[in-house]
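Per UniProt numbering, numbering through the sequence shown is continuous, rising by one, with the last residue being 378. Virtual Cβ for every residue (Gly too), placed ideally from N, Cα, C. Nothing here was measured: the structure is a model prediction, and the numbers come from that model. What follows is a set of notes on a single structure, which appears directly below.
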Amino acid sequence: MSVDQPVTVEVGLGDRAYDILIGSGLLSRAGEEISRRLPGTRAAVVTDENVAAAHLDTLKAGLEKGGIQPTVITMPPGEKTKSFAHLEEVVDGILAARLERGDVVVALGGGVIGDLTGFAAGIVRRGMNFVQVPTSLLAQVDSSVGGKTGINSPRGKNLVGVFLQPRLVLADTGVLDTLPIREFRAGYAELAKYGLIDRPELFAWLEVNWQKVFAGGPERAQAIAEACRAKADVVARDEFETGDRALLNLGHTFGHALEAATQYDGARLVHGEGVAIGMALAHRFSSRLNLASPDDAARVETHLRAVGLPWRMSDIPGELPDAEALLSFITQDKKVSRGALTFILTRGIGQAFIAKDVPASEVLSFLRENHPASRKAG
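This is the structure:
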């Protein structure tokens, strides 16, 4: 895709609407795009050590070309960076740079950096301008769009945070060429999720074209843009997740529990892999409840397996806590309301729905059946 012709997807939130620009070479244009929307601002760039080594110089040059001299705050990579201790570091770095409320905080990185940076931007001086420059596929199709920010607690994932919509998202598809294949696959799980929620034609297209998406070129940009449109539509309808936006959590209730069960150890399980297993479990659980055909669950599992993603709990290295412990992580998840279990279940490919008051006994029985220990015992 030409650098001069990025695809623009608008997130329609009235006077807080913003653009997602998708295309190659956007890091070099960051200063120009930010200055056009936020003239005269200074910036702090928050990134991690791995992303900084690959992309920070390009972004800094792009910002300086647009007249923005950035302060850089560098964090360690990994899910454990989404913590109170690192939040304090980012906040202190922004304040030490003497940035004002009208200045901008830029997240250069994947979902971890985006979530952490957005939370910091939301609380420093009671809210600063925020720009997302996502460098992973997962962040480009999911976490950079929609305004959810936050950190993890030892009691669960993303339990502390705020809603803060970015002023701009720059999704440079060229940076994905440097992404390790495991990280690209993890992001692909979130991409496939949009097809499984309510766009069956997208899922069918991915089944045919996924190798081209992995290879790059127009199919990759097309898939990212389609995912961003899907998310933008939902966010515009339900910004604060009081209704339809909960559908975006397909696979996440199981997935978050598995992440917590592995203590957010990225060597064992990264977020997108948890979502992949969670989506397969959600379809299998829907089939168990006679809501959907087992053929649909098999189709989802077949596609995840084809692209190289884990699709069952036994694909996670090491031992997992027992089914009762996994259920306790699920009940701690923020998708639980007044003790009732809420899941995103499905009636088929692209027919996800919000199921409230799911009996804990059914979930526990299902977890026992699908737990690696039960497979070994069997």
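In the displayed model, P77 falls within coil according to three-state DSSP, outside both helix and strand. In the three-state scheme derived from DSSP, where H, G and I count as helix and E and B as strand, P218 is classed as helix.
Nearest to G161 by C-alpha distance, out of V169, S287, L170, I151, is I151.
DSSP places Y264 outside any beta strand (DSSP E), giving it a letter other than H or E.
Residues of the same chain with a CB within less than 7 Å of the CB of V11, apart from the 5 flanking positions on each side, are A17, Y18, I20, V145, A232, V235, A236 in chain order. Taking the C-beta atoms as reference points, A120 is found nearer than 8 Å to V90.
Contact annotation: K193 and G255 have beta-carbon atoms that are not nearer than 8 Å. Residue state for G146 is assigned as coil, using DSSP reduced to three classes. For Q132, no alpha helix (DSSP H) run applies; the uninterrupted beta strand (DSSP E) run containing it begins and ends at 129 to 134, by DSSP. Between P76 and E49, the C-beta gap is smaller than 8 Å, which places the two residues in contact. Within the same chain, and ignoring the five residues on either side of S153 in sequence, the residues whose Cβ sits closer than 8 Å to its Cβ are L159, V160. In the three-state reduction of the DSSP assignment, S83 falls in the coil class.
I354 is positioned such that its CB atom lies no closer than 8 Å to that of L196. Along the UniProt domain "3-dehydroquinate synthase C-terminal" (187 to 336), the alpha helix (DSSP H) occurs as fully enclosed runs of 4 or more residues at 200 to 215, 218 to 237, 252 to 261, 271 to 288, 294 to 307, 323 to 332, listed in sequence order. Annotation for F184: L137, L176, F214 place their beta carbon closer than 7 Å to its own, counting only its chain and skipping 5 residues before and after. In this structure, T346 is the residue among A107, T346, G40, E79 with its C-alpha nearest to the C-alpha of L291.
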